[in-house]
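Undergrad: In my numbering, the protein residues as written are 10 to 299.
Put into structure tokens, the structure is as follows:
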């Protein structure tokens, strides 16, 4: 058991890292908050000045604002659903003894190491292209009409691309959890006559609950900032159909040079992320205490 002296020493040794991390986060956030109350345009810096909450009002009144919030939540929820369910199924599959198991595992997790812009370009030009893509060839082979994914179903296309990137991460974490399951427990369940479905529901799934919680929390943080895939494929369109909150902030900052409104959007994004993280922790974080 740790004594008061060892606890104090541990806090003292951790203090520099904690302070550095705090400064690393708080300084950019403070500048963002300050700019959100300023009228600042890098192309015309002479007209700078304090404008209060005008930037927040202008950002909120943007026609794309509510749509971007909805698209952000749809993207996060859909990708989490696909990756958690798909990750569990893939983990169960590649955990089975098979020839070339190591190669199969490498192939399964390899998409996670592809840079998001590169992955988006591959899906846009080689897989989902309405004329030359793989999906178009499959549709013509079966006598159907190719689909213009990024024109007709832009959000679905973005969800598929992002889910393809994050599925290996979920699979890897869940496979690690699955392999830590005690073999004696599985043998005892089999001897008691429990079938595969019963063993999965009452033994495997509860054992993987902590890993599922970790996957949901980590992916939620990163999915709230998805941006590159939208820029490369749909550029937020058609209209605002695939515009999420980070992409709307990008438009305000780097296309319209409205730094104040972009900063206000950044603060709103931070608030949204904290709200989502709070409910995610309340919903699934209790598994971490088990």
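From the three backbone atoms N, C-alpha and C, an ideal C-beta is built for every residue, glycine too. Model, not experiment: these values are computed from the prediction.
Among residues of its own chain, excluding the 5 on either side of residue 72, which ones have a beta-carbon nearer than 8 Å to its beta-carbon?
TA: Result list for residue 72: 249, in chain order.
Undergrad: Following the continuous alpha helix (DSSP H) through residue 210, name the residue where it begins and the one where it ends.
TA: Premise fails: residue 210 is in no alpha helix (DSSP H) and is neither H nor E.
Undergrad: Between the alpha carbons of residue 94 and residue 118, how many angstroms are there, rounded?
TA: So the two alpha carbons sit approximately 16 Å from each other.
Undergrad: Once DSSP output is grouped into helix, strand and coil, what is the label at residue 260?
TA: Helix at residue 260.
Undergrad: Measuring CB atoms only, is the region 38-56 touching the region 210-223, in the sense that at least three cross pairs come out at less than 8 Å?
TA: Result no; under three Cβ-Cβ pairs closer than 8 Å.
Undergrad: Compute the distance between the beta-carbons of residue 124 and residue 159, then report whether it is under 8 Å.
TA: Not a contact, by the Cβ cut-off of 8 Å.
Undergrad: Measuring straight from C-alpha to C-alpha, what distance separates residue 239 and residue 228?
TA: Going from the Cα of residue 239 to the Cα of residue 228 covers about 17 Å.
Undergrad: Can the beta-carbon of residue 37 be found closer than 8 Å to that of residue 268?
TA: Contact flag unset, no.
Undergrad: For my contact list, residue 88 and residue 168 are in at a C-beta cut-off of 8 Å; report their separation, rounded to the angstrom.
TA: With 8 Å as the limit, residue 88 and residue 168 qualify as a contact, their Cβ atoms being about 6 Å apart.
Undergrad: Identify which residue in 178, 274, 264 and 290 has its Cα closest to the Cα of residue 97.
TA: Measuring from the Cα of residue 97, the nearest candidate turns out to be 178.
Undergrad: Can the beta-carbon of residue 286 be found closer than 8 Å to that of residue 258?
TA: Cβ distance not < 8 Å, so residue 286 and residue 258 don't count as in contact.
Undergrad: Measure the beta-carbon distance from residue 243 to residue 163 and round it to whole angstroms, keeping in mind my assumption that it falls under 8 Å.
TA: Sure, about 5 Å apart at Cβ, within 8 Å.
Undergrad: Our contact map puts residue 313 next to residue 255 with C-beta atoms below 8 Å; I'd like the distance itself, whole angstroms only.
TA: No statement about residue 313 is possible, as the shown extent of the chain runs from 10 to 299 and does not include it.
Undergrad: Is it true that the CB of residue 53 sits closer than 8 Å to the CB of residue 270?
TA: No. Outside cutoff.
Undergrad: Select from 288, 253 and 290 the residue whose C-alpha is nearest the C-alpha of residue 83.
TA: Among 288, 253 and 290, the Cα nearest to that of residue 83 is on 253.
Undergrad: Spatial neighbours of residue 262 within its chain, please: CB distance less than 7 Å, with the 5 preceding and 5 following residues excluded, ordered by chain position.
TA: The answer, listed in chain order, is 268 and 271.
Undergrad: Return the CA-CA distance between residue 49 and residue 149, expressed in angstroms with no decimal places.
TA: In a straight line, the C-alpha of residue 49 is about 52 Å away from that of residue 149.
Undergrad: Taking the CB atoms as reference points, tell me whether residue 91 and residue 172 lie closer together than 8 Å.
TA: Taking 8 Å as the Cβ cut-off, residue 91 and residue 172 qualify as a contacting pair.
Undergrad: Taking the alpha helix (DSSP H) that residue 25 belongs to, which residues open and close that run?
TA: 13-44 is the extent of the alpha helix (DSSP H) around residue 25.
Undergrad: Can you tell me the Cα-Cα spacing of residue 31 and residue 20, whole angstroms?
TA: When rounded, the distance between both Cα atoms is 15 Å.
Undergrad: What three-state label does DSSP hand residue 154 in the structure shown?
TA: Coil.
Undergrad: With distances taken between CB atoms, is the gap from residue 135 to residue 143 smaller than 8 Å?
TA: Yes.
Undergrad: Check each candidate in 273, 288 and 291 and name the one with the smallest Cα separation from residue 61.
TA: Among 273, 288 and 291, the Cα nearest to that of residue 61 belongs to 273.
Undergrad: Classify residue 105 as helix, strand or coil using the three-state DSSP reduction.
TA: Looking at residue 105 - three-state DSSP - the assignment turns out to be coil, as it is neither helix nor strand.
Undergrad: Can you tell me whether DSSP reads residue 48 as helix, strand or coil?
TA: Correct three-state label for residue 48: coil.
Undergrad: Given a threshold of 16 other Cβ atoms within 10 Å of its Cβ, counted over all protein chains shown, does residue 116 qualify as buried or as exposed?
TA: Burial call: exposed.
Undergrad: Let me know if residue 284 comes out buried or exposed under the rule of 16 or more other beta-carbons within 10 Å of its beta-carbon.
TA: Looking at its Cβ environment, which holds fewer than 16 other Cβ atoms inside 10 Å, residue 284 is exposed.
Undergrad: Could you tell me whether the Cβ atoms of residue 130 and residue 206 are closer together than 8 Å?
TA: Not closer than 8 Å, so no.
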